[in-house]
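Chains as they are written, first to last, in our numbering: chain A, 144 to 208; chain B, 144 to 208.
Using N, Cα and C, we set each Cβ at its ideal position, and we do this for glycine too.
Keep in mind the model is a prediction, meaning the values are calculated, not measured.
Heads up, the thing below is written out as structure tokens.
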């Protein structure tokens, strides 16, 4: 993956993460409504932020090497 | 447990759940900051709402029997 590809992937994931963050925010605000969905929404949100963190580290390494 | 005890327990758990809901709401709003804490906070919040749901069902049963 080129630095350019990596930047595009991060950009795409960032906007998706922004949407998921809002979904989790709304779910938290609406509790106890839909509390059954909480673990699924939290896990999906956690996974995307973990992946973003990893890709950002990778980008930093590529930019400084 | 008497109906009175059950009502008090629900009342106490409700206020604790309200606080945890705010913590999860703030964490979601602040993402990606502290994303590592997300699964722990979500699990604790989920457990308390599941327990509240159970106790409210129990209260309904006791009140109508």
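For residue 188 of chain A, the uninterrupted alpha helix (DSSP H) segment begins and ends at 181 to 207.
Rounded to whole angstroms, the separation of the alpha carbons of residue 193 of chain A and residue 189 of chain B is 21 Å. With its beta carbon less than 7 Å from one in chain B, residue 172 of chain A belongs to the interface. Within 7 Å of the CB of residue 164 of chain B, the CB atoms of chain A belong to 171 and 174, in sequence order along the chain. Here residue 146 of chain A is exposed, its C-beta having fewer than 16 other C-beta atoms within 10 Å.
Going by C-alpha positions, residue 181 of chain A is about 8 Å away from residue 167 of chain A. With a threshold of 7 Å between beta carbons, residue 156 of chain B makes no contact with chain A. Cα atoms of residue 157 of chain A and residue 202 of chain A: separation of roughly 14 Å, rounded to the nearest angstrom.
Secondary structure at residue 152 of chain B: helix, using DSSP grouped into helix, strand and coil.
The C-beta distance from residue 185 of chain A to residue 160 of chain B rounds to 16 Å, too long to meet the 8 Å contact threshold. Straight-line measurement puts the Cα of residue 178 of chain A at about 22 Å from the Cα of residue 175 of chain B.
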